[in-house]
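Quick note on the working numbering: the sequence shown kicks off at 1140 and runs consecutively. We put the beta carbon where it would ideally sit given N, CA and C, even for glycine.
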Amino acid sequence: MSDFYKSPVTFWTYCSTAMRRLRSDTCGEARGVFLIICTLIITSTYQTALQPPGGVNQSEGNSNAGVVVMKQAFFIALFVSNTIGFCCAIFYMFCLLPLRNLFTSWFRWIGVSMCVSYALAMAVISPHPLLFLTSAFALFMVLPFFLMLEVFKRLRLSHLKAAASHPRLSWFWKD
């Protein structure tokens, strides 16, 4: 057992530990409130992807039919901020769901299909569909990774702080 505790802790171990702590430290009532808030964020960001501010061009004879009316710089700002909010809410929702449950695996498939439909909806109304589709999927892949890196950094710093506050007397304890 001592070899297990002496072995270095990997990135994935830190992330799974943080997920377990998040689930166990959050009471059922607070978890329910957080899930409702995540649902509201997901709903509002998804609705913004379907109906952007200002709408889309309606003229059928125009080559810009179905493309957003707003300027491209504003659309890029809307796209990035909306996608980050959507990704973070989906990821946090999956962090709060219980593990090893049949319904949780169904929610994963639902969440993946919502992410795909969100990316397609944003790409269809964008001025450059292929560019925005690839960038949406890149954000879907990169954002959870950065969130897990943040968890890893915080756990590592708390681990180092705890080790520094309780120094081990190496002259007293024999390894």
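In this structure, does DSSP put residue 1206 in helix, strand or coil? Three-state DSSP puts residue 1206 in coil, outside helix and strand.
Which first and last residues belong to the alpha helix (DSSP H) in which residue 1236 is found? Taken as a continuous stretch (DSSP letters only), residue 1236 belongs to no alpha helix (DSSP H), as it is neither H nor E.
Neighbour flag for residue 1230 against chain C, beta carbons, 8 Å: Among the protein chains of the structure shown there is no chain C, as only one such chain exists.
Just to confirm, are residue 1208 and residue 1193 a CB contact at a threshold of 8 Å? In contact: residue 1208 and residue 1193 (Cβ atoms closer than 8 Å).
In the DSSP assignment, what are the bridge partners of residue 1195? DSSP output for residue 1195 lists 1207 as bridge partner(s).
Distance CB(residue 1191)-CB(residue 1174) smaller than 8 Å: By the CB criterion at 8 Å, residue 1191 and residue 1174 fall outside the cutoff.
Residue 1129 - containing alpha helix (DSSP H), residue span: Within the shown structure, residues of the chain are numbered from 1140 to 1314, placing residue 1129 beyond reach of any answer.
Residue 1222 and residue 1260 closer than 8 Å at C-beta: Not closer than 8 Å, so no.
Can the beta-carbon of residue 1229 be found less than 8 Å from the beta-carbon of residue 1264? The answer is no: Cβ separation not under 8 Å.
How big is the Cα-Cα spacing for residue 1237 and residue 1243? Approximately 7 Å, taken between the alpha carbons.
Reducing DSSP to helix, strand and coil, say where residue 1308 ends up. Note on residue 1308: pLDDT 49, under 50, position unreliable in the model; the coordinate value appears next. Looking at residue 1308 - three-state DSSP - the assignment turns out to be coil, as it is neither helix nor strand.
Measuring CA to CA, which of 1292, 1149, 1166 and 1224 is closest to residue 1235? Out of 1292, 1149, 1166 and 1224, 1166 has the C-alpha closest to the C-alpha of residue 1235.
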